Amino acid sequence: MTQGSTRRTVLATSAVALVAAGCGTKASSNSETSPSAEATSPSDKTSPPSAASGATEGSATGPELASTADIPEGGGKVFAEQKVVVTQPKKGEFKAFSAICSHQGCTVGKISNGMIDCPCHGSRFRIADGSVANGPAVSPLDAKQIKVEGNSIHLL
């Protein structure tokens, strides 16, 4: 220990590092989630495309993330590699949020019953706006920009 460090400071710093390391490995070891994505929700009927919430008209189109048919109505899909969740709260309405839980940085695991679930500590977020439904998280998921063109959803 250095002269300015106390035993309490060293222990607290070590504990934070261990918790952060544990969150990163928990999400990636989930055998039920593919490395790129997981979709869950009620059955989906192919819906007509619409403008994505938060997408900017006239902005450059990014890489294709998914087909609109891949995102179930009333549910969504987690794209772990891109760290984004795309939801379809209502037919033809697509939203995107960060897949990183605002509680301690774990990657959310699945969408069920209109909620985005974090497997680490049980936080749940609403698919319509990313707001917290159940803690321990207190902040919503950050909104992400997407654009729907035809049947393609693009991450901006």
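Numbering (the working numbering), first residue to last: -12 to 143.
We treat Cβ as the ideally placed atom computed from N, Cα and C, and that holds for glycine.
Small disclaimer: the values here were computed from a predicted structure and weren't measured.
query, result
"C-beta atoms of Ser85 and Lys131 nearer than 8 Å", "yes"
"Host beta strand (DSSP E) of Leu52 (start-end)", "Glu51 to Ser54"
"Whole-angstrom distance between Gly96 and His141, CA atom to CA atom", "21 Å"
"Min CB distance Gly61 to chain D below 8 Å", "Annotation note: the requested chain D is absent from the structure, which comprises a single protein chain."
"Which listed residue (Pro106, Glu136 and Ser139) has its alpha carbon closest to that of Ala124", "Pro106"
"Best match in Ile87, Glu68 and Gly63 for proximity to Pro76 [C-alpha to C-alpha]", "Gly63"
"Classification of Asp104 by the beta-carbon crowding that lies within 10 angstroms, buried from 16 upward", "buried"
"Distance, Glu80 Cα to Gly49 Cα", "19 Å"
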